[in-house]
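Input: a single structure, listed below in structure tokens.
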Amino acid sequence: MKRPQEADAIGAARANYPALERWIYLDVAGRGVLSRAARAALDAHLDERMLNGADKQKFFELIENTRAGFARMIGADTDEVAFTKNISEGLNMIATGFHWRRGENVILCPELEHPNNIYPWLNMRRYGLEVRTVAPRAGHIPVNEIAARIDGGTRVVTVSTITFAPGFRTDVDTLGKICRARGVLLLVDAAQSVGVLHTDVGRSKIDALAVSTAKGLLGLYGMGFLYCRRDWAERLEPAYLARFGVDLGGAHEATMGGDEYRLMPGARRFDLGNYNFAAAATVEASMRELAAVGTERIERHVVGLAHALARGCLDLGLPVAGGAPGPHLAHIVTVGEMSASHYGSEDERINRLHDHLVANRVKLSIRRGMMRFAFHLYNNRDDVERVLDLCRDFLARGRAKPSRGGRKRPALSVERED
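Numbering (the working numbering), first residue to last: 17 to 434.
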């Protein structure tokens with residue numbers, strides 16, 4: 017149960033998101049929406065750029081404020097954070113930072129990972145890396161089976177904190193203890209957790225984490241960050257090197273050192289060239305709003321909403337992935353049977369229910385054959401009740417006829433999740 021002060025803080029936050037005036041917005045798993053404050057920060061940045069050119073020193077101060085915000089969001093040190101374009105780049109920074117030797121291996125569960133956490137490792141096979149896989153168990157990444165496959169050649173274990181479908185939690189805390197004891201780097205794709213769920217990389221013993229700003233951090237596309245624990249970062253060498261990755265003290269950004277150079281401490285060695293200053297201005301403002309509420313509060317709020325939606329859908333006879341809500345469920349609820357389809361379901365009933373919801377201003381997505389609802393701090397119980405009412409109306413009108421095979425949908429380019 018929410019404390020009164022907590023409920024007030026979250027209730028007040030809702031008014032800051034104009035998208036909620038036109039949508040029941042349940043698609044932060046695809047992308048978040050901008051707050052008024054984030055948009056104002058972006059506008060102010062663009063006005064400065066348009067009217068005055070740029071004050072580069074102020075831009076760099078913005079970058080360091082943003083880096084510090086990223087670090088606070090996950091309980092890291094500032095030097096353990098590097099800027100990236102997206103999650104894919106962060107994952108690749110880790111994959112290419114090793115000097116791979118034949119006989120070494122990485123372990124992952126490909127059926128539940130986004131392709132962008134699979135291809136970097138397949139690419140490293142050219143250096144002799146073995147890509148070891150485990151199969152999912154009832155929609156979950158099986159931590160115990162991953163642990164059983166770790167041996168003396170294992171260098172990396174990589175998992176999603178929350179899978180993008182079916183949206184279940186991974187027991188990262190248990191995996192973190194196992195990997196730390198075995199000297200294995202634990203890399204997590206935190207696309208579906210940072211900003212929505214409380215994250216403490218120290219407590220969870222996460223060694224590296226990649227995230228973008230477009231989802232739970234409620235920022236723009238084109239920016240993300242990589243956390244890499246200092247002990248690991250300083251054992252890795254960046255595949256690409258630019259001036260910001262080289263330690264020349266307080267020298268100007270264009271200063272050239274000698275042929276012999278020292279890499280920046282921690283994850284800063286992965287920084288490349290100038291930054292996406294507009295995206296930094298936006299997410300820095302957004303993170304201040306998230307911090308004002310607190311990610312522990314946000315997590316309690318969104319998990320409560322997700323459990324209420326899952327129970328309501330089950331009461332209506334809808335096939336909720338994972339069944340009754342429990343520890344596996346965070347802020348994402350998926351309905352339907354998992355399949356390979358990315359934009360539609362093989363169950364025509366699910367396709368028609370999805371279309372009915374969209375027609376009634378519910379913003380959601382279909383991933384791997386399942387409708388996906390995802391909550392953030394701006395959602396409330398009214399959103400849950402409205403969705404359940406729409407589902408009830410759809411079922412009562414007799415639209416849920418037995419399936420005769422999935423609808424063929426037009427071929428679409430695959431949408432990147434990072």
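We treat Cβ as the ideally placed atom computed from N, Cα and C, and that holds for glycine. All values derive from a computational prediction rather than experimental measurement.
Item: C-alpha distance - residue 54 paired with residue 300, whole-angstrom precision; Value: 8 Å
Item: Classification of residue 231 by the beta-carbon crowding that lies within 10 angstroms, buried from 16 upward; Value: buried
Item: As assigned by DSSP and simplified to three states, the class of residue 188; Value: helix
Item: DSSP-derived helix/strand/coil call for residue 13; Value: The structure shown does not extend to residue 13, since the chain is modelled only from 17 to 434, so the question has no answer here.
Item: Contact the stretch 169-179 vs the stretch 118-137: 3+ CB pairs below 8 Å; Value: yes
Item: Contact set for residue 214: own chain, Cβ-Cβ below 6 Å, skip 5 residues either direction; Value: 311, 312 and 315
Item: The stretch 65-84 / the stretch 406-416 touching (three or more Cβ pairs under 8 Å); Value: no
Item: Minimum C-alpha distance to residue 412 - residue among 277, 375 and 369; Value: 369
Item: Cβ contact check for the stretch 97-115 and the stretch 276-288: 3 or more pairs under 8 Å; Value: yes
Item: Element boundaries [beta strand (DSSP E), containing residue 386]; Value: 386-390
Item: beta-carbon residue 130 near the ligand NAD non-hydrogen atom, thresh 7 Å; Value: The model depicted lacks the ligand NAD and carries no ligand whatsoever.
Item: Distance CB(residue 107)-CB(residue 249) smaller than 8 Å; Value: no
Item: Inter-stretch contact at 8 Å, needing at least 3 Cβ pairs: the stretch 386-405 / the stretch 240-258; Value: no
Item: Residue span of the alpha helix (DSSP H) that contains residue 11, given as start and end; Value: The question about residue 11 has no answer here: the residues shown for the chain are numbered 17 through 434.
Item: Rounded Cβ spacing between residue 182 and residue 386 (contact assumed at less than 8 Å); Value: 6 Å
Item: Endpoints, alpha helix (DSSP H) assigned at residue 218; Value: 217-220
Item: Residue range of the alpha helix (DSSP H) that includes residue 75; Value: 72-90
Item: Extent of the continuous beta strand (DSSP E) to which residue 381 belongs; Value: 381-383
Item: Residues sharing a beta bridge with residue 122, DSSP; Value: 147 and 172
Item: Environment of residue 184 [buried if 16+ CB atoms lie within 10 Å]; Value: buried
Item: Classification of residue 115 by the beta-carbon crowding that lies within 10 angstroms, buried from 16 upward; Value: exposed
Item: Which of helix, strand or coil DSSP assigns to residue 200; Value: coil
Item: Proximal residues to residue 33 (C-beta, below 8 Å), its chain only, five neighbours per side dropped; Value: 41, 49, 50, 51, 52 and 394
Item: For residue 228: DSSP bridge partner residues; Value: 240
Item: Spatially closest choice to residue 59 from 298, 380, 342 and 201, by CA coordinates; Value: 298
Item: Nearest candidate by alpha-carbon position, reference residue 190, set 180, 206 and 158; Value: 158
Item: Option in 93, 206 and 322 with minimal Cα separation from residue 129; Value: 206
Item: Boundaries of the alpha helix (DSSP H) in which residue 178 is found, first to last residue; Value: Element bounds for residue 178: n/a, residue is neither H nor E.
Item: Continuous beta strand (DSSP E) stretch holding residue 100: start and end; Value: 97-100
Item: Which residues DSSP lists as bridging residue 128, in chain order; Value: In the DSSP output, where bridge partners are listed per residue, residue 128 has none listed.
Item: Enclosing beta strand (DSSP E) for residue 112 [first to last residue]; Value: No beta strand (DSSP E) contains residue 112, which is instead part of the alpha helix (DSSP H) from 103-113.
Item: Residue 404 and residue 333 closer than 8 Å at C-beta; Value: no
Item: Bridge-paired residues (DSSP) for residue 40; Value: 378
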